[in-house]
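Right, one structure below, let's go through it.
There are 2 protein chains.
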Amino acid sequence: MELVQASGAATLPLNEIICGDCIEVMRALPEASVDLIFADPPYNLQLKSELHRPDNSRVDAVDDDWDRFASFEDYDRFTRDWLSAARRILKPNGAIWVIGSYHNIFRVGATLQSLGFWILNDVIWRKSNPMPNFRGKRLTNAHETLIWASREEGAKYTFNYEALKALNDGVQMRSDWVLPICTGHERLKGEDGSKAHPTQKPQALLHRVLVATTNPGDVVLDPFFGTGTTGAVAKMLGRDFIGIERDEGYVKLARRRIADVRRLDRAVLEVSSSRRAEPRVPFGQLVERGLLRPGEVLVSVSGKTAKVRADGTLVAQDVKGSIHQVGAALEGAPSCNGWTYWHFRRDGQAVPIDVLRQQIRAEMN
Amino acid sequence: MELVQASGAATLPLNEIICGDCIEVMRALPEASVDLIFADPPYNLQLKSELHRPDNSRVDAVDDDWDRFASFEDYDRFTRDWLSAARRILKPNGAIWVIGSYHNIFRVGATLQSLGFWILNDVIWRKSNPMPNFRGKRLTNAHETLIWASREEGAKYTFNYEALKALNDGVQMRSDWVLPICTGHERLKGEDGSKAHPTQKPQALLHRVLVATTNPGDVVLDPFFGTGTTGAVAKMLGRDFIGIERDEGYVKLARRRIADVRRLDRAVLEVSSSRRAEPRVPFGQLVERGLLRPGEVLVSVSGKTAKVRADGTLVAQDVKGSIHQVGAALEGAPSCNGWTYWHFRRDGQAVPIDVLRQQIRAEMN
DNA sequence: TACCGTTTTGAATCCAAGG
DNA sequence: TCCTTGGATTCAAAACGGT
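Top to bottom, those sequences are chains H and S.
Mapping the first sequence onto our numbering, position 75 (from 1) lands on 92, and the numbers just tick up by one.
Mapping the second sequence onto our numbering, position 141 (from 1) lands on 158, and the numbers just tick up by one.
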């Protein structure tokens, strides 16, 4: 790692993963240099014993060393240290996201406030497919909490209101986000087929965070990088990233993963900035959930084409906007139902995008 | 208020509203006397206008961080004080609920943990009809957070799992609850038609809290009683309540409100309970009563067999012991429910031995 | 291939009574 | 208080395997 230029001023290791303790590494970075920090710190779960499912299979719990703290005081000290270091390297108008569960999020939130961060929202990630409570002793722990905070009160933080509104089908985005947990092909596996990292976050979550609170070209730092979800999504969305991770194995995995990610075109990354008519269904969720990729080409029965953008709008030759607007423009029609008008290609077939909407609706009940 | 009996022991002012400061009032109540506390504390952190240190000396607004920290300290002290007083009057197996928003809930949660309370769940009240964000500068704040905690780790808290499962269409209740905010007839109005209390909670929220974590006859205390939603729902559900409220106007309003509430019949208040609550029937009774004969062969679904012995133990090839022990050993499992594992033969059919237990329980009524 | 039933799994502070 | 033992307890989604 080379952080010091000839001039003596420290410089930024953009789009790199630094292996080391995040507090030390952040202290070596230049102050006021980062636009956004996304942090997924250890939760301090304090698990006491093994847990079995009703079918007697064992639950693979988070029992890693990095999640063990001797006491709340220890955890508070750790939290104060890394948050202080994070605050120093944030630009004045920068912001931070921290995700956690009830085990740690209250301590994180209180420390954020005490250090002078200004909480903008707490956001609930409602899991559509959480792990149930096997013993029937509590409520299903079906959510995690994210805190979004600016560096200080009164700062001019970035918030792409219209883009999030577009992602949410034309109505303003709420503080509760329904997203599935990270499974399937997206979940990185070790050589033995087991999960590579115990707490990998879904890309859809980072997608929404980065579209909401950064612009293309911004620098996003993740001090608990893990297998690099933040970096992968940042690269895809045309943001620069800095990853810090203590475990060398995770670093290697993340480097390979991010190398395979393709940066999206600039035109695709542009997000809505003007008020538009309100579509009826959140097409943007198809993009967030990866059912459609930003940059993917949709076709109509009449042969017109358009590209999907990161915020769930479309761009064709001369038009951009919602699926309905672009369809109407291309047909010279007063209106158009984009859900039946647009198709995507799968296995040589043109399939209406409405199929994907139905799929999401089925998942959400 | 009369809290002291002739004997000198303090007694409980059941189904009364006490007008006064909740910390003082709780300190005057007998310790370990309350089953549940529901609290909706104020979160007026007064960050912008608060220009006074804890000792009331004025702060020149030079060091913003220090000023902010000072006022958080004030709020933390207040939180510690009322939570400590609350903890003292809780029964050992009692529990507490606190509701709040991102302004205060992190400080409340951290203090709860530091005082020794043991968090069981954080619950998200997802508002189906939240107030929109008018300025478009943040996400719609569409939820509030509740924390459910037992008095200490390892305590035997009350949780009516089956009742909540029934409330949720037969699948276990999750940590996110979708409920509308309090409006319409339920919302208390002043004489001029304006809302009587700024933060009146919906009865549905209290209904779910009380059904989940209390039983009929339990004592529920609310230290920030307001217009008495907790008392109204408690009375309706056949729980006793104690309300503490500083504002005399709210106290009067709450008294009138609760007087109009009708207590539900006992039969209606019964909720579904789990099998765990049913009387224990030793397997040996099946043999004693002749429902199974010594020497009879039991079979499992997986095809294992074992013989019943006269003392109510089983013997298989290499193992002998209880129905559970032998089942676990044969399956190589850490545990096994012998009641559902083992079957006996009747008319060519394999019938679970649990059927015989249910038969005995029915006779016992 | 397509379909259908089975198996696996996910940041979890996950038992209670009796001796 | 510790130790033993009885016996109660799961939802959604994706992967997997067989026809």
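Even for Gly, the Cβ is constructed at its ideal location relative to N, Cα and C.
Asked                                                                                                                       : Found
Sufficient close CB pairs (3 or more, under 8 Å) joining the region 236 to 248 of chain S to the region 42 to 60 of chain S : yes
H:D257 to S:D264 span [Cα, whole Å]                                                                                         : 54 Å
Which of helix, strand or coil DSSP assigns to S:D257                                                                       : strand
Counted within 10 angstroms of its Cβ, other Cβ atoms place H:W83 as buried (16 or more) or exposed                         : exposed
Identity of the residue in H:C36, H:D38, H:M43 nearest H:T28 by Cα                                                          : H:M43
Alpha helix (DSSP H) runs contained entirely in the region 162 to 210 of chain S, provided each spans 4 or more residues    : 178 to 184
Same chain, Cβ closer than 6 Å to S:P58, neighbours up to 5 away in sequence not counted                                    : F241
Rounded separation between S:A78 and H:W356 - CA only                                                                       : Bear in mind that the predicted position of S:A78 carries a pLDDT of just 43, short of 50, making it unreliable; the figure below should be weighed with that in mind. Their Cα atoms are separated by approximately 56 Å.
Under 9 Å (Cβ pairs) to chain H, residues found in the region 281 to 311 of chain S                                         : S291, R293
Near-chain H residues of the region 140 to 162 of chain S - C-beta to any C-beta below 8 Å                                  : V140, I141, R143, P147, P149, N150, G153, K154, R155, L156, T157, N158, A159, H160, T162
Residue interval of the beta strand (DSSP E) (run including S:C36)                                                          : 33 to 36
Contact check, H:L304 vs H:G329, beta carbons under 8 Å                                                                     : A small fix is needed here, since residue 304 of chain H is Val in this sequence, not Leu. In this structure, H:G329 lies closer than 8 Å to H:V304 by Cβ.
Distance between H:A221 and H:A249 (C-alpha atoms, nearest Å)                                                               : 11 Å
Buried or exposed by the 16-neighbour rule on C-beta atoms within 10 Å, applied to H:G365                                   : exposed
Contained beta strand (DSSP E) runs [length at least 3] in the region 108 to 134 of chain S, N- to C-terminal order         : none
Closest residue to H:D93 among S:V325, S:K321, S:F123, S:V278 (Cα-Cα distance)                                              : S:F123
Buried versus exposed, by CB contacts within 10 Å (16 or more), S:E90                                                       : exposed
Limits of the alpha helix (DSSP H) - the one that H:I340 falls within                                                       : 340 to 348
Whole-angstrom distance between H:R225 and H:P219, CA atom to CA atom                                                       : 11 Å
Buried or exposed by the 16-neighbour rule on C-beta atoms within 10 Å, applied to H:E48                                    : exposed
S:R168 beta carbon less than 8 Å from that of S:G126                                                                        : no
Range of the contiguous alpha helix (DSSP H) that encloses H:V226                                                           : 220 to 230
S:R124 at chain H interface by Cβ criterion, 8 Å                                                                            : yes
Proximity of H:A271 and H:T230 at Cβ, strictly below 8 Å                                                                    : no
Residues in the region 64 to 81 of chain H having any Cβ partner in chain S nearer than 7 Å                                 : H69, N73
Pairwise C-alpha distance: H:P71 and S:L309                                                                                 : 27 Å
Between the CA atoms of H:I261 and H:I275 - distance to the nearest angstrom                                                : 14 Å
Closer than 8 Å to chain S by CB, H:N138                                                                                    : yes
Where H:K321 sits in the DSSP three-state scheme                                                                            : coil
CB contact below 8 Å: S:R189 versus chain H                                                                                 : Looking at the sequence provided, one finds Gln at residue 189 of chain S rather than Arg. Yes - at least one Cβ of chain H is within 8 Å of the one on S:Q189.
Any chain S beta carbon closer than 8 Å to H:D193                                                                           : yes
Selection from S:G201, S:W135, S:C353, S:H360 that minimises the alpha carbon distance to S:Q217                            : S:G201
Proximity to S:Y60 [Cα-Cα], best of S:P215, S:A379, S:G344, S:Q334                                                          : S:P215
At least 3 beta-carbon pairs within less than 8 Å: the region 101 to 111 of chain H vs the region 168 to 178 of chain H     : yes
Which of helix, strand or coil DSSP assigns to S:L449                                                                       : No answer is possible for residue 449 of chain S: it lies beyond the span of chain S, which begins at 18 and ends at 382.
Beta-carbon proximity list for H:V343, same chain, < 6 Å, skipping 5 on both sides                                          : A323, L331, A333, V336
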